[in-house]
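Residue numbers (UniProt numbering), protein chains in the order written: chain A, 1 to 397; chain B, 1 to 397; chain C, 1 to 376; chain D, 1 to 376.
Take a look at the structure below.
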Amino acid sequence: MDMSFSPEELAFRDEVREFIANNYPQELKGGRRTRGEMSKEDILKWHRILYKKGWVVPHWPVEYGGTGWTITQRYIWNEENARAETSPLLPFGLSMVGPVIYTFGNEEQKKRFLPGILSADDWWCQGYSEPGSGSDLASLRTRAVREGDHYIVNGGKTWTTLAQFADWMFCLVRTDPNAKAQEGISFLLIDMKTPGITVRPIITMDGSHEVNEVFLEDVKVPVENLIGEENKGWTYAKFLLGNERSGIAGVARSKKAIERLKKIADAELVDGEPLMKTDEFARKVAELEIDLSALEVTELRTLAAESKGRGPGPEASILKIKGTEIQQRITELTMEAVGNYAFVQAPRMEVTGNEFLPGPDYAPGVSQDYFNMRKTSIYGGSNEIQHNIIAKMVLGL
Amino acid sequence: MDMSFSPEELAFRDEVREFIANNYPQELKGGRRTRGEMSKEDILKWHRILYKKGWVVPHWPVEYGGTGWTITQRYIWNEENARAETSPLLPFGLSMVGPVIYTFGNEEQKKRFLPGILSADDWWCQGYSEPGSGSDLASLRTRAVREGDHYIVNGGKTWTTLAQFADWMFCLVRTDPNAKAQEGISFLLIDMKTPGITVRPIITMDGSHEVNEVFLEDVKVPVENLIGEENKGWTYAKFLLGNERSGIAGVARSKKAIERLKKIADAELVDGEPLMKTDEFARKVAELEIDLSALEVTELRTLAAESKGRGPGPEASILKIKGTEIQQRITELTMEAVGNYAFVQAPRMEVTGNEFLPGPDYAPGVSQDYFNMRKTSIYGGSNEIQHNIIAKMVLGL
Amino acid sequence: MDFSFTEEQTLLRNTVQSLLADKYDFDTRRKVVKTAEGWRPEMWAQFAELGLLAAPFSEELGGLGGGAIENMIIMEEFGRHLVVEPYLETVVIAGGFLREGGSKEQQEALIPGIIGGETVWAFAYAEPQGRYNLADLTTTAKKDGSGYTINGYKAVVLGAPWAQKLIVTARTSGAQRDRDGISVFIVDKSAAGVSTRDYPTVDGRRASEITFENVKVGADALIGTEGKGLPLIEKITDEAIAALSAEATGCMKELNTATVEYCKTRKQFGVPIGKFQVLQHRMVDMFMAYEQSVSMTYMVNLKLGEGDAERTKAAAGAKVQIGKAGRFVGQQAVQLHGGMGMTDELNVGHYFKRLTMIDTQFGNVDYQLKRYSEAA
Amino acid sequence: MDFSFTEEQTLLRNTVQSLLADKYDFDTRRKVVKTAEGWRPEMWAQFAELGLLAAPFSEELGGLGGGAIENMIIMEEFGRHLVVEPYLETVVIAGGFLREGGSKEQQEALIPGIIGGETVWAFAYAEPQGRYNLADLTTTAKKDGSGYTINGYKAVVLGAPWAQKLIVTARTSGAQRDRDGISVFIVDKSAAGVSTRDYPTVDGRRASEITFENVKVGADALIGTEGKGLPLIEKITDEAIAALSAEATGCMKELNTATVEYCKTRKQFGVPIGKFQVLQHRMVDMFMAYEQSVSMTYMVNLKLGEGDAERTKAAAGAKVQIGKAGRFVGQQAVQLHGGMGMTDELNVGHYFKRLTMIDTQFGNVDYQLKRYSEAA
C-alpha cells in the first residue's frame, strides 16, 4: 500500500502541468463559466489543442487514439486539468458514443465517425431520455421503422444537452414494438441536418440554455448508421451508461471548487472577521473536505481494482452519489458564503457585458450555480436509481 | 389565535404545582432513574397518591374516574409533572387497556377491572408483540381455542414491558386460524397467575431488565375475559394503538431533559470554558430546542383539533416520529456532553449502592440512556411504519 | 390557548385567495417578472382597494384593526402565488416602523399613503461588510442644523426600484458595530444625493444598490430616538421574519401539494412513482417539515408582542425552522419532479428559488441559530 | 499509488482471522467480559505466540518489520470480533511511544516485554477538566534529584486494570494548557503512590481512575525530551486513531453484513423486509458510509509518516468519518434489527456500543472537526 507518486509519475506531472500552463487559451482562464454562457467555439478550443497534442482521449485504447497512460497517469492528468481550471471536454463524443463505436461499431463506422469525434469536427449529442421516460430509460417510445435501406424515425427526445450545436445525435429507438421493455431497442446515429428534426430550447431555472427537446418527424436514417445488431441497442446503451458514471465523481474539480469557496469565505466578513474563521463555517467546509478526501480514496480504490481487471462495476454508483452530493454541497456553501449578494441574478445567455452586477466579482451567479447543480442528482440515473443499483447488485437485496 | 393562559388556567396551574410540590414522594425526587432500576413499590407510589386525589386518569370520561379537565388543563398537568420530574405513570392500565375496557367491555368487565386499574391494585402488561411479528402485528400466531367456557391459549409474547411485576395481561390471540391476517383475532384479558404462564427476562443492551418474553402453554382463560366480540379484536387493538401514540411526543419531559443537558454542558469544560459556551455545542442544543418548540406547537394544534372533535388521526404519527427523534437526540447530546466519562457503565439492576461510579454525579448511565432510547423509534409502531401511515392516510399515496 | 382564526380572518384569507386565483396564476406572474417593470402597480392598487394594505393597522391609524395574524394570512397566500409586490417592505416593514416608532405626525402623514397604495417603500439596511448584523453600519447620518446629512452605501435593497420612499438605517454616533448610536430615517428616493442601480434577483424580484452622498433630510425624517434605533430595528425585522415565515409556509404548501400530485400521476417502470416507498417517506418528511414550519410560524406571530428575549427566540427559531425546512422541501420537490423540476417552465423551481432566498433574507440558518443560542 | 496488500500482510490477516474464528466467537466473548477479570490473559499469550504483538516493530527491535498497515489489519479483524484485549494500548500506543520516543536503553528494556506478551500497558493521559485536549494537564512531574515526583489524577484509563505499566503525561513546566512543558513518563502501576479504582465500561472493557500521589520515578522513566512531549503525544495518538479507525471499519463491516443478512430472512407483511425500498436505501447508505470509512482508514494509515499538518488532517479526517459513519451504521443496524437489535443477547448492540465509544476515544467528531479545520 502506498499513496505517493513515483519519480516517473512526478516527472509526468511536471510535463503535463507545463503543457497546460503553456497551451491553455488565455481568454478562457478564470474557470467556472457554465457552458450555457459560452460560445460553441470557446467550448471547443481546448479540445482542439489537445487533439493536436494527441491527448484528447487518454482513456481510449491506443489503436484508436488513446495515450496508453496508466491509471495513475490519468489520475494526474485529471488533477492537473482541475488545478488549472481548464474547461472540461464534452463527454458526448469522447466518453459516450466514441467507446460505443470502437467497441460495437463496424470498421466502416469506426473510419467514418471516430476521426470527427477526435478532431471535434463533429459535435455529438445524446438522444436517450424522452418526455415521460425519466429514470425508466427503457420505456422509450421513439419508433424506427425499417423501409428499404433506411429507418424512418418518429418521436422525440428531451434533456438533450447542447443539441443546439450538434452535428450528430446517438439515439435509442424502438425497432420492435412488440418486444419487452429493454428488448427491441436499437442504437442509431442520426445526422442532425436530416429533414424532420427540430430542436427546441429548454431553459432551466437558473436561466441557462443547456438542454433541449429534439423532435423527430419522419426522419430518414440510413441503415448503415445502426450500431451493432438491430434490437440489441440496450446492451450498448448500458455499456455507455457504465462509462458515463466512472468520471462523475469529479473529485479533482471539486477540490478546486472548495479552494475557491475558501477564498470567498476568506474575503467575506462576519463582524469584521473572515467568514472562514468562524467556527460554524469552518466546520462545514471541513466536513466537505473530509467527505471529498474519502471519496478521492474510494475512487482510487475503484480505479486500482479496475486496473486489475475488476470493476468498474456497480460500486461506481457510489462515486455518482457521493460525487454529486459533494458538488451540490459546494455550490450551496458558496452561495451561503456570499450572504445578501446571493440575490443577484447574473445573465446566463446573450451576455452583453453591460449588465450591472453588484457586489464582489465572485458573487454574481453563485445561486444560479447552486440551482443548476440540483440536476446532478437527477441526471445520469438519479441518485435514487443508483441506490437501487447498489441494493441489487452489491448487497443482493 | 392565542398561546397564553387565561387567569383561570393560571390558577389551575398554581393549584397543580402546589399539589405536586406537597405530595410527590421525597424519596423519588431527582428524576431520571429508569424503571429497570426501580422497585415495584417505587414505581407505584405516585400513582397511588394521585388515585387518592382523583387525578390518576385525567383523560378518561368523568363517569369512569376522569377529571373533566379541558385540553389546556391536561396540557398544564403534563407540563407541571414534567417540570417536577415526577415519575411517569405506567400506561398499560391507564392509557391502554382501561380505555379499551370502558369503550368495548361489558358492564361486568368494567366493574371487575376498572377499579383495579385506577387503584393500581392490578398491574397490567401488554401482550401484543410476538417473536417474529414485529411491526407486522397482525401476523401474530398465539392461538386461543374455545373449550366449553374457557379458551385454551398457546403461544408466546415478547417485548412485554415489566411483565415481571404483572398481575394481568391484555393479549391479542388468534381465534380463527383460517381468517385473513387482521381478522380472526380476539382481545383477551389473562390472569398472570394462571398455570402455564412463564416469564423470561430480556436484558437490553444498556443492561436493563424492562422487557420480557411471556410463554403461554395451555393457559385456561374464562370466556368472560373476552373483550367485545370474538374475532373482532383487531378493532380494539387499533383503537388502543391510536391512544398510545397521542402521548408519545413527550414534549414536557423533553423540555426538562434539555434543561438538564444544558446544566451538564455548563459544568463540563472545554479549554477551561463551559461546553455550553462553545459555538458548536450551543448550536446543536439550539437546534434541538427549536425542533422541540415546533413539536410543542404541533402537538397543541393536534390537541386543539381533537378538542373540536377532529383527529387525533394519523397526524399523531408526526408526534411519534418527531417526539422520539428529539428524545433520542437529547440522550445523544447528553452522552456527548460528559466526554470521556461516557465510558462509565452504571449498574441497572441489583444496585448495591457500593459500586464505584467515577466522574461527576450526572455522568454514570448517560450512555446507557442513549442506548436504551434507541428503542423508541422501534416500538409502538416503528418510525418507518409511522411514515407508511402518514403516506397512506394523510398524503393518499 | 386557541389556534383558530376569527371569522374576519377567514374572510380576509378568502378575499386574498380569490383575488390571486383570478389574477395571479403562474403564467401571468412569469410574464410579469420578465417585463421591464417587473411588477404590476395595478395589482398593488387592487390590494389597496381590497383593504389588504390596511389590514394590520389599527383603526385609529385608518387601518382595519388587524395585526400579525393578518400579515401572516396575507403573506402565506402571497407565498402560495409567489407574489412579488412589496407587501413585506411597504406594509410590514415601513408600516411597522411608523406604527411602532413613528411620531403621531409621521403616522398621520405617511400611513395613509401606504394604506391607499400611493407610496411604495423599501428598507435600506444591509451593507456589504455587515452581512446579517443589523448593527454593522458604516452609513452615517451627521447632525446638520436641525436635520441630518446621510452618507453611505446600502446593498441589495429589495423592492427599491419600485419604491418612492426608503427606510434607512445609519449611524449617528458610535463605532462600526456598536449597539448604540444607530438611528432610523425616512428618505425620499428622489432626494438629491440618492443614486440607485437596479438589477433583477434570482427569485424574480428587483433590488437596488443605493449610494447616499450628502443626502440632506430634515428633523422629521428621524423615526424614534436618535441613537436608540437598534431595538426598534430588531423588533421590526422580527416582524418581517414572522411574515416571511408565513410566506415560506405558503411556498412549501404548494410544493408539497404539487409533488404529491405529480408522484401520483407520473409513471416509471409501469407504476406511479408515488408507489415507491423511498419517495413516499421523502414526501412524509416534506410534509412533517411543513407542519413544523407552520407551527413555528404560528408561534412567532403570536409572540411578537412578548419581551425582547422571548420574541427573539421565537423569531430566530422560526427562521431556523423555515430555513432548514425550505431547503429540504425545495430540494426534494425538484428532485422528485426530476428533469421537469429543473425547468423554468414549471413553477416548482420558482418556489424553490424563493425559499432559498427567504433563508438569506434577514440572516440564514447559521446566523439565526447563533442568535437563538445567545438570546437570554 | 497502490492499494494492494503484500503476501505477508494477507498471511497476517489470515492468521488473525482463523485464531479469532476459533477462539473469539461472540458467546465466548460475552461470557469473558462478564467475568471478574474481564479479559483472557491466555488469549494475550496466544497473540504473542502468533507474533501479533511483534507485528509493527522493526526487526532490529525484535519485531516482524511491519508498521501501520499491520496494525490496521490486526485492528480491523479485532473490530470484527470485538476483541477487548489491550492491543491498542500496549502495542500501538506504548509500543509507539517507545519506538518513536524511547531511548535505545528503554527500547531494549521494554519492547521485548510487549512482544513476548509479558507486559501489558495503559495510557494515562486524560484528565477530568481536560476533556479531549491532550495539553490540558494538571498532573505535574517535578524534578526531584535525577528523577521526578508525579502528582495528579487521570480519568478513564482504558485497560488499566489489566496493566502493569503506564504511560503517563504530565506537566514539567508551563501553564495548564501550554503546548510546551509537557513530558511523557513510564510509571509502574505498582509504584508507591499510585492508586487505582477500577470499573467496567459500557463497551465491555475495563478502565481505572488513577491517582498519583508523590510517585517517584527515575530519570530513565522519561520518554523523549523533558517539556517537549506534546508533538510525540500527538503523533502517537494519531497512530492510535489510525488503528481505531481500522477497528471501527471492522465493526461496521460486521454490522452491515448482519443487517443485510437479517433483512433478507426476516419477514414482515409476508415479504422479507429487505424488499422494502426504504430499508434497501438505508442499507446502501450504510454500505457507502462503510466504504468511505475504509478509504479514510487507508488514508490515515498511509499518511502517518507525513509531516505534522498532513498527518493531523488525515487523522482528524478519519476520526470524523468513522465517528459519523459509526454512529449512522450503528444506529441503523439496531433500527433495522428491530427489538432484537436492542437485546444484550445479539451482537448488534455490542458493535453499536463499541462504535459509540470509539467516537469518544481521543476526541469525538466535534473535536476532530475543529482540529481538522485548524490544521495548517
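Glycine included, each C-beta is placed from N, C-alpha and C at the ideal position.
This structure is a prediction, so every number in the text was calculated from the model and none was measured.
If contact means a Cβ-Cβ distance below 7 Å, which residues of the region 70-83 of chain A contact chain D?
Those would be T72, in chain order.
Starting from F5(B), find everything on chain C with Cβ-Cβ shorter than 9 Å and list it in chain order.
Going along chain C in sequence order, the residues near F5(B) (Cβ under 9 Å) are M1.
Taking contact to mean 3 or more Cβ pairs, one atom from each stretch, closer than 8 Å, check whether the region 283-293 of chain C and the region 3-17 of chain C are in contact.
Short answer: they don't touch.
Closest residue to P314(A) among H209(A), T331(A) and F239(A) (Cα-Cα distance)
Comparing Cα-Cα distances from P314(A) to each of H209(A), T331(A) and F239(A), the minimum goes to F239(A).
Identify the continuous beta strand (DSSP E) that holds L216(A) and give its terminal residues.
Unbroken beta strand (DSSP E) run through L216(A): V211 to P222.
Sequence-distant residues of the same chain with beta carbon closer than 6 Å to L89(B), five excluded per side:
The beta carbon of L89(B) sits closer than 6 Å to those of H47, all from its chain and outside the five residues before and after it, given in chain order.
What does D279(B) reach in chain A if we use C-beta pairs closer than 7 Å?
Per Cβ cutoff of 7 Å: D279 and E280.
Keeping to the same chain, check which residues put their C-beta closer than 6 Å to that of D176(B); ignore five residues upstream and five downstream.
The residues are G184 and N231.
With 16 as the cutoff for other CB atoms within 10 Å, does G323(A) come out buried or exposed?
Note on G323(A): 16 or more other CB atoms within 10 angstroms of its CB, so buried under the neighbour-count rule.
I need the boundaries of the alpha helix (DSSP H) containing residue 482(A), first residue and last residue.
Any property of residue 482(A) remains undetermined from this structure, which presents chain A solely from 1 to 397.
Could you spell out the range, first to last residue, of the beta strand (DSSP E) harbouring R174(A)?
Counting along the chain, the beta strand (DSSP E) containing R174(A) begins and ends at W168 to R174.
Starting from the Cα of P231(D), find the closest Cα among T343(D), L355(D) and R179(D) and give me that residue.
Minimum Cα-Cα distance from P231(D) among the listed residues T343(D), L355(D) and R179(D) corresponds to R179(D).
Between R260(B) and chain C, is the shortest Cβ-Cβ distance under 8 Å, so that the two count as touching?
Cβ-Cβ to chain C under 8 Å: no for R260(B).
The alpha helix (DSSP H) that contains I318(B), what's its start and end?
Segment A316 to A337, the alpha helix (DSSP H) holding I318(B).
Given N347(D) as reference, the closest of M357(D), A333(D) and D359(D) once Cα atoms are compared:
The residue with the shortest Cα to Cα distance from N347(D) is A333(D).
Alpha carbon to alpha carbon, how far is T265(D) from A316(C)? Give it in angstroms, no decimals.
One Cα belongs to A316(C), the other to T265(D), and the distance between them is close to 48 Å.
C-alpha distance - V394(B) paired with I318(B), whole-angstrom precision
Approximately 11 Å between the Cα atoms of the pair.
Residues of chain B with a CB under 8 Å from the CB of R197(D): which are they?
F356 and P358, listed in chain order.
Span of the beta strand (DSSP E) around Q126(B):
Per DSSP, Q126(B) belongs to the beta strand (DSSP E) from W124 to G127.
At 8 Å on the CB atoms, spell out the chain C contacts of N22(A), in chain order.
The contacting residues do not exist; N22(A) stays about 38 Å from chain C at best.
Using a Cβ-Cβ cut-off of 7 Å (strictly less than) and excluding sequence neighbours within five positions of E224(B), which residues of its own chain qualify?
Setting aside the 5 residues that flank it on each side, E224(B) is surrounded in the same chain by E108, each with a C-beta closer than 7 Å to its C-beta; the list follows chain order.
Could you give the residue range of the alpha helix (DSSP H) that holds K23(C)?
K23(C) -> alpha helix (DSSP H) spans E7 to K23.
Do Q335(D) and V278(C) have their C-beta atoms closer together than 8 Å?
Going by C-beta atoms, Q335(D) is not nearer than 8 Å to V278(C).
Taking just the CA atoms, how far does Q280(D) sit from A135(C)?
Rounded to the nearest angstrom, the two C-alpha atoms are 50 Å apart.
Secondary structure at I190(B), three-state DSSP: helix, strand or coil?
Under the three-state reduction of DSSP, I190(B) is assigned to strand.
For the region 284-296 of chain D, which residues have a beta carbon sitting closer than 7 Å to at least one beta carbon of chain A?
From the region 284-296 of chain D, only V284, F287, M288, E291, Q292, S295 and M296 have a Cβ closer than 7 Å to chain A.
Straight-line gap, L302(D) to E239(D) (C-alpha atoms, nearest Å):
Those two C-alpha atoms are separated by around 11 Å.
For G130(D), tell me which candidate among R374(B), A337(B), P347(B) and I385(B) has the shortest Cα-Cα distance.
Closest by alpha carbon: A337(B).
F276(C) touches chain D at which residues, Cβ-Cβ below 7 Å?
Under the 7 Å cutoff, chain D gives Q277.
I'd like the list of long-range same chain contacts for Q368(D), defined as Cβ closer than 6 Å, with 5 residues on each side in sequence excluded.
Within the same chain, Q368(D) has close Cβ partners A316, K319 and V320.
Which value, in whole angstroms, describes the spacing of the CA atoms of residue 446(A) and I71(A)?
There is simply no residue 446(A) to check, as chain A begins at 1 and stops at 397 in what is shown.
So the candidates are S58(C), N256(C), N133(C) and R197(C); which of them puts its Cα closest to the Cα of G100(C)?
The sequence as given places Glu at residue 100(C); Gly does not occur at that position. It is S58(C).
Quick one: does T356(D) have its CB under 8 Å from some CB of chain E?
In the structure shown, chain E cannot be found, because the protein chains are A, B, C and D.
Using a Cβ cut-off of 8 Å (strictly closer), state whether D149(A) contacts chain D.
Chain D contact via Cβ: absent.
Run through DSSP, which three-state label would G156(B) get?
Of the three classes helix, strand and coil, the one that applies to G156(B) here is strand, per DSSP.
Ordered along the chain, which non-local residues of its own chain (more than five positions away) have a Cβ less than 8 Å from that of L292(B)?
Counting only Cβ-Cβ distances below 8 Å, and skipping sequence neighbours, we find V251, S254, K255, I258 and I326.
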